[in-house]
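Take the sequence shown: its position 65, counting from 1, is numbered 67 in my numbering, and each next residue is one higher. Yeah, the Cβ is synthetic: ideal placement off N, Cα and C, and Gly gets one too. Please read all numbers here as calculations on a predicted model, not as lab measurements.
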Amino acid sequence: MEPPAVLSTGLTNTLDDCRLVQLPQIADPRGNLTFVEGGNHVPFDIARVYYLYDVPGGAERGGHAHKELRQLLIAMSGSFDVVLDDGREKKRVHLNRSYFGLEIVPMIWRELDNFSSGSVCLVVASHRYDESDYYRDYDEFLAAKGL
Ligand code: TYD
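Here it is in structure tokens:
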């Protein structure tokens, strides 16, 4: 059966389509400044920003993939790991700088763990929250990718 056309772009996405983005740093003795512009540092218009904080030691977040959503994850404070999985390969990315973002494209399974104490994960997203955009079942995710 043909997948819905709306998914056609993301289905073949691999780990190579996710990338670390170095963001501008305006160094200043009063404190540094970094910014993210939609359509510039991320290849989408920014529709939503959310953040994970007060994450208890040993906790894991994520555990899903998105059909359409594009995101940039930034360790605003502290550090954490993102495990990316395209259904064939996995890669662990350690984020610990507030001027680096990890861009995650659609149809990539992700898990976040190894949060340091007091860490904050900022997420810049291409769409507003929509539960129907999630794959929360790994086998369903694999099946959607034809794997
Ligand atoms: P979820 O995306 O599963 O969190 P994470 O991937 O960071 O572990 O979301 C957790 C809950 O929060 C879920 O019930 C949906 C809700 N939620 C919103 O209502 N709006 C949002 O923008 C987000 C990201 C989540």
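query, result
"Any chance the CB of Y137 is under 7 Å from a heavy atom of the ligand TYD?", "no"
"Cutting at 6 Å between CB atoms, please list the residues of its own chain near E70, excluding the five before and the five after it.", "P108, D135"
"Measuring only the C-alpha atoms, how far is A29 from V38?", "15 Å"
"Would the stretch 54 to 62 and the stretch 126 to 135 be scored as touching if the rule is three or more Cβ pairs under 8 Å?", "no"
"Counting beta carbon pairs with one atom in the stretch 86 to 95 and one in the stretch 41 to 51, are three or more of them shorter than 8 Å?", "no"
"My guess is that S79 and G120 are in contact by the Cβ rule of under 8 Å, so how many angstroms apart are they, rounded?", "6 Å"
"Is R72 close to the ligand TYD? I mean its beta-carbon at under 7 Å from any heavy atom of the ligand.", "no"
"Looking at C-alpha atoms only, which residue of N116, F46, V95, G41 is the closest neighbour of D18?", "V95"
"Among residues of its own chain, excluding the 5 on either side of Q73, which ones have a beta-carbon nearer than 6 Å to its beta-carbon?", "I106, V125, A127"
"Distance, Cα to Cα, L75 vs G103?", "5 Å"
"Which runs of the alpha helix (DSSP H) at least 4 residues long sit entirely within the stretch 18 to 88? Give them in chain order.", "none"
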